[in-house]
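For reference, the structure discussed in these notes is given below.
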Amino acid sequence: MSRPCDGYSENVDVSEATFSTDVIERSRTVPVVVDFWAAWCGPCRMLGPTLEREVERRGGAVELAKLDVDANPVLAQEYGIQGIPAVKAFRDGKVVAEFVGAQPALAVSRFLDGLAPSKAEVLARNGDEASLRQALELEPGRVDAALPLARLLLKRGERDEALDVLGSVGGSFAADGLAARIRLEKAGANGLTPAFAALDSGDYDQALDVLLSEIRPTHPQKDDLRRVVVGILDELGQDDARVAPARRRLTSALY
């Protein structure tokens with residue numbers, strides 16, 4: 019920690035040597051707001067105390083770093099700083115929000131409110147059952163809380179409650195796929211037991227092979243089988259080498 023000059027209170031003072039650690043890597047844990055400033059800049063001295071107060075009010079949910087553009091011209095150029103004060107917010111190593119110029123306290127507060135995770139998001143990250151349930155009470159339909167909670171319930175054999183939890187989620191292929199799996203299990207699709215056992219153990223290759231082998235145009239449960247497969251592929255992500263071949267095989271099996 020060091021004390022920047024010209025009226026700034028103690029805050030993290032970053033440089034080209036420390037930016038990667040103190041901003042980029044740190045932002046993977048908590049949002050980091052970077053104040054690009056200079057000693058000669060009057061509006062910077064106006065904005066600085068406002069930023070500090072508003073960040074302090076958030077009790078560690080957001081962190082503030084200050085970068086002197088005169089002392090660190092390479093970073094100033096890299097981030098396209100043309101006017102100061104310039105404020106850029108980082109999450110997961112990337113700029114997610116920004117503004118230029120001195121702003122009133124209300125505007126700064128709203129800017130920071132958009133960065134700090136909500137209480138429901140923090141609870142969902144905790145991952146335990148009580149936190150997941152509380153997250154859904156605060157924000158019904160959060161997929162990052164509903165999906166892990168439904169999996170916990172399914173593991174305990176509480177299929178009906180798991181379906182209720184997933185019923186509040188919209189727009190998630192993974193949630194649709196898990197709900198389809200539960201419906202198939204409830205319907206007694208015993209031939210799919212090896213697929214679901216493989217899925218639970220993380221053997222996606224085996225799970226996809228069994229599921230895709232079962233799909234055919236005349237299968238009475240082909241829609242739910244398709245949803246399970248699509249949910250798996252969505253969780254694997256487009257960059258996974260298994261996704262494109264599986265999608266082709268799925269299309270062929272359905273039609």
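Residue numbers for the sequence shown follow my numbering, so the first one is 19 and each next one is one higher.
From the three backbone atoms N, C-alpha and C, an ideal C-beta is built for every residue, glycine too.
Approximately 6 Å separates the beta-carbon atoms of Arg244 and Leu272; this is inside 8 Å, confirming the contact. The continuous beta strand (DSSP E) containing Asp86 extends over residues 81 to 86. Within the same chain, and ignoring the five residues on either side of Gly78 in sequence, the residues whose Cβ sits closer than 8 Å to its Cβ are Val48. When rounded, the separation of the alpha-carbon atoms in Glu232 and Leu154 is 35 Å.
Straight through space, the alpha carbons of Ser45 and Thr211 are spaced by roughly 42 Å. For the set Val50, Gly159, Asp110, Lys240, the Cα lying nearest the Cα of Leu268 is the one of Lys240.
For Arg109, DSSP records a beta bridge to Lys112. Ala164 and Arg174 have their C-alpha atoms spaced approximately 15 Å apart. DSSP lists Leu85, Ala104 as the bridge partner or partners of Phe54. When only Cα atoms are considered, Ala168 and Gln121 end up about 44 Å apart.
In the three-state reduction of the DSSP assignment, Val187 falls in the coil class, being assigned neither a helical nor a strand state. Of the candidates Gly220, Leu254, Asp242, Phe37, Asp242 places its Cα closest to the Cα of Leu196. Inclusion of Val52 and Ala89 in the CB contact set at 8 Å is not warranted, their separation being larger than that value. Contact between the stretch 93 to 106 and the stretch 116 to 131 is present, with at least three C-beta pairs closer than 8 Å. Sixteen is the threshold: when 16 or more other Cβ atoms of the shown chains lie within 10 Å of the Cβ of Leu184, as they do, the residue is buried. Within the DSSP bridge table, the entry for Phe117 names Val105 as partners.
Here DSSP, grouped into helix, strand and coil, assigns Val41 to helix. Residue environment: Lys112 is assigned as exposed (fewer than 16 neighbouring CB atoms within 10 Å of its CB, all protein chains considered).
A direct Cα-to-Cα measurement between Leu65 and Lys137 gives close to 28 Å. The three-state reading of DSSP puts Val48 in coil, since its state is none of H, G, I, E or B.
Scanning its chain for C-beta atoms nearer than 6 Å, with the 5 sequence neighbours on each side dropped, one finds around Ala225 the residues Ala213, Ala216, Leu217, in chain order. With a cutoff of 8 Å on beta-carbon distance, Leu130 and Val73 are scored as near each other. Counting every other CB atom within 10 Å of its CB across the protein chains shown gives Glu81 a total of 16 or more, marking it as buried. A direct Cα-to-Cα measurement between Arg160 and Leu93 gives close to 37 Å. Ranked by Cα distance from Gly220, the first of Gln152, Glu147, Pro158, Leu254 is Leu254.
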